[in-house]
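Protein chains in written order, with our numbering: chain A, 1 to 454; chain B, 1001 to 1483.
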């Protein structure tokens, strides 16, 4: 399995490190020698200095025997040309490109069907907008993912100190909350990922990932004392491309929306393009402006400027002034662990969205989709249970499942089963597995399939 | 620094070395000679020491090796392997001092080929095989070998590889370090097998053919005979060995490209062209020089011995077919220069490496050029590719350290009572991993008479040269030990 990655930026770097850890042959191309050095020093991949859109460099990288080309430089044009050249040299290589320009939105299909035949176009901005929408709708969630075309959600919430679930063992859970409607799959405690057993306790401050059917999500959240409040008023700070896209989406859902943007000419442009949204010229961290705009009545503040620190501070300011909640855009991965400590729970990252989407698109075959949790420590994946594997036709509790992995959902046709120890997996069921990375090889064995890309 | 983890990997290497002693044991058993008891004892000691380290420091899998840990593993690992590799000699008879056994073992492992033995032929076959076999293991690198065959080194392999194969421009043939290591060893083994076959066609016994292939491919230079290659007295053998020495002195990634069906790879590579040109020029000069002084009767003979000796020295092998100390001064100076130049980067040869010399030449030329065109914007290119500034910096740093260490150690040797010519040539021959030098350690002499303290210094020099200085020298930098 060989993957050529064009662009050693944040996205290229993280995807490369992820794939290298899974023993894939990875070649990273970039013009910037310093960026390449960072890659070469930290992971076992090949690096080649040069432009990824140059045919000779792509040849040198061995594009002809590559299975996947990932074009993730920060320039759309370079990415497109890289795919075009790759298509010329090696038409069978699967091509995935990151294209951010909104102008290209309408042409994604065309790019697929005509040269350069890009199999998947990723626009992280669209992904981020989707993530923001999901986070807005699920109260208290810090992470929301979907399986089985959205019929199954997996949601991460922080456990409050006063929650009635705090301190109980998982085995006592059914007694506390009555019938089980969800399954707790992962607990993140002090940056460590735990796949819990019945003996583990829930502690206040834990980040709990649970999985449940879409229909029962509200109910499940209420057990965690996260009550859904209808979202009526939204304030967006930063009217860049993501801000604009989000505003368009919110307008379509008749949500009252304001955008604060610093740059007057961008304001004028936004005002032209948007119909119902109120465009405000000013600084999102300006106390008086926020007061004027009745910040206390705003349900959600979303900070989307290009400056990380401004986003963090504006979010904190807005919530301290009475806004319902804040969603903050952060790009630097190294800041993520700090966010909880300074009181910011809901974070979105275009880069992380891009990485997750790309990984989902390249994991294929018997594994249908995969999402990483907490950086790279754990993974959620949807896979098909083969008739030949060890896991079918007996109750789950009798399966010698590797430590650090759990079956969190079974999808049988239209039916969705949140499993208990007595549940039985049938051949061709889709199962959702949460697994720590070290458990992945064990899962491979037990599933009798290789968790491979393709 | 996680010393536990370092010792764990070192333990693995020692364990591995212990098992590799089974090969000479097999020869020893076949010939039924005196090497069997010391080899069995050594295997026992080495395997149990390795297993002890391995078991007691085994921990849950570590994912990453930091750069300084990689260097520590390689430096400590090579020293440990050198120590345990000395056991078969030390246990063989009472006449071996430990420092001598250690010297012989490190000389083998670092592919130096300097020996303290006055009479090689008295050694039992098993020990002769061990001498050759450790050269073969050390040639392509024990770490590279362990990356290739031990699965668990995995991710950290990159740092280890960089510390053991510190080529100025890193060469990764395959995206994954493990695949790269496997390819390098396959090419290396392939060449060795072909050489064994060709040598046997020339009438060598199987034992001699294996031993000599094991010491040609790593550019080691240990022979099974007192008079080295002269013993065979065959033009055919000389030619085969010259050919394989040159092959071993060329970057192995070029061999790989050639085997993959790109026959022009040698020609397209700037360093390889430079290396072959130097070899050609030196062979010509030495031949003319010895012809002029009527050392040999015919031109053909002068060419034969001249070529063999130039190739042997520049690839840092150290075989001898002639006593070059009887040659005229210019030839001797050229051979001495060869000890410094060394072979190509990414080959099994030692010395400063042609690539560095070439980069340094071009750098010097650029300085002159800039004096004439002060505003010119230039870049230094090797084979059409620009050499980046940090590569340049590390190359110049390396050359300065090489020369600096050469002088300092030579002074130390002088202080320990070694004479002037011997002191200089011994340091050049050990730091360049050549083997024989000039003065009292010439091609027909050996290192036996060197004072013991000086032998320790030379052992250090050999490791310094094989691991290309930085990896070993980093240990004496105080900053390395600072928390």
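Glycine included, C-beta positions come from ideal geometry on N, C-alpha and C.
{"Item": "Residues of the segment 47 to 65 of chain A with Cβ closer than 7 Å to any Cβ of chain B, in chain order", "Value": "none"}
{"Item": "Residue 1046/B classed as buried or exposed, judged by whether at least 16 other C-beta atoms fall within 10 angstroms", "Value": "buried"}
{"Item": "Contacting residues, own chain, Cβ-Cβ under 8 Å from residue 1483/B (five flanking each side not counted)", "Value": "none"}
{"Item": "Environment of residue 1341/B [buried if 16+ CB atoms lie within 10 Å]", "Value": "buried"}
{"Item": "Cα-Cα separation between residue 142/A and residue 336/A, rounded to whole angstroms", "Value": "12 Å"}
{"Item": "Minimum Cβ-Cβ distance from residue 85/A to chain B less than 8 Å", "Value": "no"}
{"Item": "Check: residue 1320/B C-beta below 7 Å from any heavy atom of the ligand SAH", "Value": "Ligands displayed in this structure: none; no statement on the ligand SAH is therefore possible."}
{"Item": "Stretch pair the segment 1213 to 1229 of chain B + the segment 1129 to 1141 of chain B: three plus CB contacts closer than 8 Å", "Value": "yes"}
{"Item": "Chain-ordered neighbours of residue 1177/B on chain A, where CB pairs are closer than 7 Å", "Value": "44"}
{"Item": "8 Å Cβ cutoff met for residue 1228/B and residue 1202/B", "Value": "no"}
{"Item": "Per-residue contacts from residue 27/A into chain B (C-beta, under 8 Å)", "Value": "1175"}
{"Item": "Close Cβ partners of residue 1144/B (< 8 Å) along its chain, the five nearest in sequence each way excluded", "Value": "1161, 1164, 1165, 1181, 1184 and 1185"}
{"Item": "is_contact[residue 33/A, chain D] using C-beta, thresh 8 Å", "Value": "You won't find chain D in this structure, because its protein chains are A and B."}
{"Item": "8 Å Cβ cutoff met for residue 164/A and residue 176/A", "Value": "yes"}
{"Item": "Spatial distance of residue 365/A from residue 1386/B (CA atoms)", "Value": "The pLDDT assigned to residue 365/A is 44, lower than 50, so where the model puts this residue is not dependable, and the model offers no usable value."}
{"Item": "Contact check, residue 52/A vs residue 89/A, beta carbons under 8 Å", "Value": "no"}
{"Item": "Chain A residues whose Cβ lies nearer than 7 Å to that of residue 1172/B", "Value": "46"}
{"Item": "Whether residue 1434/B touches residue 1330/B by CB criterion (8 Å)", "Value": "no"}
{"Item": "Among 1049/B, 1418/B, 1267/B and 1056/B, the one whose alpha carbon lies nearest that of residue 1452/B", "Value": "1418/B"}
{"Item": "Inter-residue spacing [alpha-carbon to alpha-carbon] between residue 1354/B and residue 1333/B", "Value": "18 Å"}
{"Item": "Residue 1125/B in three-state terms, based on DSSP", "Value": "helix"}
{"Item": "Residues of the segment 388 to 412 of chain A whose Cβ lies closer than 7 Å to any Cβ of chain B, in chain order", "Value": "none"}
{"Item": "Beta-bridge pairing of residue 431/A - partner residues as DSSP gives them", "Value": "383/A and 410/A"}
{"Item": "Span separating the alpha-carbon of residue 1073/B from that of residue 1469/B", "Value": "15 Å"}
{"Item": "Neighbourhood of residue 1105/B by C-beta distance below 6 Å, restricted to the same chain and skipping five residues each side", "Value": "1082, 1085 and 1086"}
{"Item": "Inter-residue spacing [alpha-carbon to alpha-carbon] between residue 1051/B and residue 1110/B", "Value": "24 Å"}
{"Item": "Cross-chain neighbours of residue 1157/B in chain A, by beta carbon under 7 Å", "Value": "44"}
{"Item": "Partners in chain B for residue 2/A, counting only beta-carbon separations shorter than 8 Å", "Value": "1175"}
{"Item": "Where residue 209/A sits in the DSSP three-state scheme", "Value": "strand"}
{"Item": "Beta-bridge pairing of residue 146/A - partner residues as DSSP gives them", "Value": "153/A"}
{"Item": "Candidates 19/A, 12/A and 98/A, of which the one nearest residue 1/A by Cα", "Value": "19/A"}
{"Item": "Enclosing beta strand (DSSP E) for residue 1345/B [first to last residue]", "Value": "Element bounds for residue 1345/B: n/a, residue is neither H nor E."}
{"Item": "Residue interval of the alpha helix (DSSP H) (run including residue 302/A)", "Value": "No alpha helix (DSSP H) contains residue 302/A, which is instead part of the beta strand (DSSP E) from 300 to 303."}
{"Item": "Alpha carbon of residue 391/A to alpha carbon of residue 1471/B, nearest angstrom", "Value": "50 Å"}
{"Item": "Same chain only: Cβ atoms within 8 Å of residue 1356/B, ignoring 5 sequence neighbours per side", "Value": "1168, 1345, 1395, 1398 and 1399"}
{"Item": "Residue 1378/B classed as buried or exposed, judged by whether at least 16 other C-beta atoms fall within 10 angstroms", "Value": "exposed"}
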